[in-house]
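In the UniProt record's numbering, the protein residues as written are 1 to 541.
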């Protein structure tokens with residue numbers, strides 16, 4: 001297999017500085033038959049691993065990932081929560097990249113610029129995430145930026161998620177035929193069924209657990225028997241430190257917690273538990289925390305107490321308690337609170353309401369009445385080659401309307417450095433989770449009922465958490481503020497795989513300033529890669 005290095009010539013000098021390292025990875029994507037639960041089913045492996053290998057990086061590192069597609073269908077990998085500064089060419093979703101065809105390879109290249117934290121990667125096409133193909137990402141601090149807590153003795157990456165007996169292709173066909181996703185069949189921890197994953201603890205040691213919900217649609221409550229968790233980070237922001245007995249982790253979200261091992265737990269073991277939330281089918285995935293000299297006799301399952309309050313009330317109160325620690329630095333030495341987002345004038349407001357509709361005989365999901373339908377030509381390429389017949393900005397309205405639901409290509413135009421207020425309105429009885437590629441945002445408000453302008457008086461304009469994935473509870477709203485300081489074509493989507501696959505997404509095209517909307521500078525946006533894959537109307541360009 002031969003790696004394509006042609007595009008390095010221009011970009012090496014652009015990305016690499018005295019403070020960055022060049023990290024190269026070769027990943028082979030393949031299918032293996034594995035009986036994780038029940039009968040064997042197809043599982044997507046990365047380098048014969050499931051979950052895939054850790055992408056262990058540091059702020060400013062330049063990451064080169066050469067992906068070989070040994071599947072029988074096209075493939076793309078996306079980097080959940082990694083901001084990809086000025087480089088949506090590497091985003092790995094259908095609106096920005098042509099797929100890697102079977103038997104071919106493509107090289108991603110991007111920089112972990114001005115970011116730290118816990119994230120993950122996963123396949124973005126054809127419902128392949130239901131077959132795995134995901135793995136953890138760490139972005140560590142540079143040595144000159146201290147951790148705002150005592151350095152842990154050990155770190156573990158913990159990937160939790162729902163899992164199905166059915167093959168991913170069968171689930172995909174079922175969705176396309178108008179059926180809804182069933183409830184999951186199991187919860188996996190690091191790709192293993194209950195009591196298969198084991199984590200070794202040394203008495204008195206401190207552990208940083210980087211936990212991500214990599215599932216398709218199920219919120220999971222995470223806890224450790226007889227151990228408290230100190231929350232310290234979420235998706236690149238350091239949080240006010242607070243102890244939790246359990247944490248609700250919604251699809252696509254990542255958290256870091258510190259856990260101190262007990263001093264006198266020889267011959268002992270405890271359960272780590274990930275339990276389904278907000279669905280009638282209660283499922284739990286179990287892993288074992290094992291101390292030295294643990295007797296390998298079968299464990300008797302002992303579970304921490306479930307939250308005693310109403311599930312949604314407990315979850316909402318917990319979400320509102322998670323705040324940014326303003327006194328510490330993240331990727332830089334300056335405190336996180338030095339960026340006073342509450343004093344910035346809002347450029348515009350978008351109110352995005354999720355919906356559901358029958359369109360062309362298929363059950364679809366919508367944003368403001370529009371269900372996204374991907375063109376054959378990725379939006380990023382159509383924009384670069386100035387094709388006027390692929391998408392029409394403004395097709396999706398900026399707030400809910402009473403029009404008949406429709407299929408379309410939803411692109412919202414915005415200007416570089418706009419400060420945008422987005423309200424996610426959820427009129428349904430199921431929880432929604434939203435993710436923004438290319439950006440973190442400030443989660444300034446959540447509440448029950450319908451959002452109104454007066455709700456802005458209740459916003460947290462001081463220390464709101466800064467992250468890239470947020471939940472919206474049933475019959476509720478969530479408000480965010482987002483600084484559009486990253487030019488490019490960026491995906492804003494439901495993290496519920498079913499809703500995303502069936503149209504609940506849009507793209508935000510962040511252009512040059514209002515006086516020069518078409519201006520593109522290499523300082524503000526990376527040039528088209530020399531190894532770019534072309535397809536659709538630009539296949540021969």
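C-beta atoms are modelled at their ideal positions from N, C-alpha and C, and glycine is treated no differently.
Query                                                                                                                                                                       : Result
What number of angstroms, rounded off, separates the C-alpha of residue 152 from the C-alpha of residue 325?                                                                : 19 Å
Which value, in whole angstroms, describes the spacing of the CA atoms of residue 338 and residue 440?                                                                      : 16 Å
Beta strand (DSSP E) containing residue 122: first to last residue?                                                                                                         : 117 to 123
For the alpha helix (DSSP H) containing residue 174, list its first residue and its last residue.                                                                           : 168 to 176
Considering Cα atoms alone, identify which of 80, 437, 496, 291 is closest to residue 488.                                                                                  : 437
Where does the unbroken beta strand (DSSP E) through residue 233 begin, and where does it stop?                                                                             : 229 to 234
Report, in whole angstroms, the separation of the C-beta atoms of residue 175 and residue 134, which I expect to be a contact under 8 Å.                                    : In fact, because the Cβ distance is near 19 Å, the residues do not count as touching under 8 Å.
Would you check if the distance between the CB atom of residue 399 and the CB atom of residue 351 is smaller than 9 Å?                                                      : yes
Give the secondary structure of residue 144 by DSSP, where H, G and I count as helix, E and B as strand, and everything else as coil.                                       : coil
Are the Cβ atoms of residue 420 and residue 528 separated by less than 9 Å?                                                                                                 : no
Please report how far the alpha carbon of residue 319 lies from the alpha carbon of residue 469, in whole angstroms.                                                        : 12 Å
Could you check what DSSP says for residue 219 in three-state terms: helix, strand or coil?                                                                                 : coil
How would you call residue 219, buried or exposed, if buried means at least 16 neighbouring beta carbons within 10 angstroms?                                               : buried
In the structure shown, what three-state DSSP assignment does residue 83 receive?                                                                                           : coil
Just to confirm my understanding: we take residue 378, look at its own chain, exclude 5 residues before and 5 after, and list those with CB closer than 8 Å. What are they? : 94, 95, 96, 97, 98, 535, 536
Taking 6 Å as the limit between beta carbons, can you name the residues of its chain near residue 21, skipping five residues before and five after?                         : 61
Report yes or no: do the stretch 180 to 193 and the stretch 161 to 169 share at least 3 C-beta pairs separated by less than 8 Å?                                            : yes
Nearest to residue 230 by CA position, among 72, 244, 255, is which residue?                                                                                                : 244
Can you find at least 3 beta carbon pairs, one from the stretch 119 to 126 and one from the stretch 76 to 96, that sit closer than 8 Å?                                     : yes
I'd like the list of long-range same chain contacts for residue 84, defined as Cβ closer than 7 Å, with 5 residues on each side in sequence excluded.                       : 90, 91, 110, 438
Sort 179, 414, 75 by Cα distance to residue 482 and report the nearest one.                                                                                                 : 414
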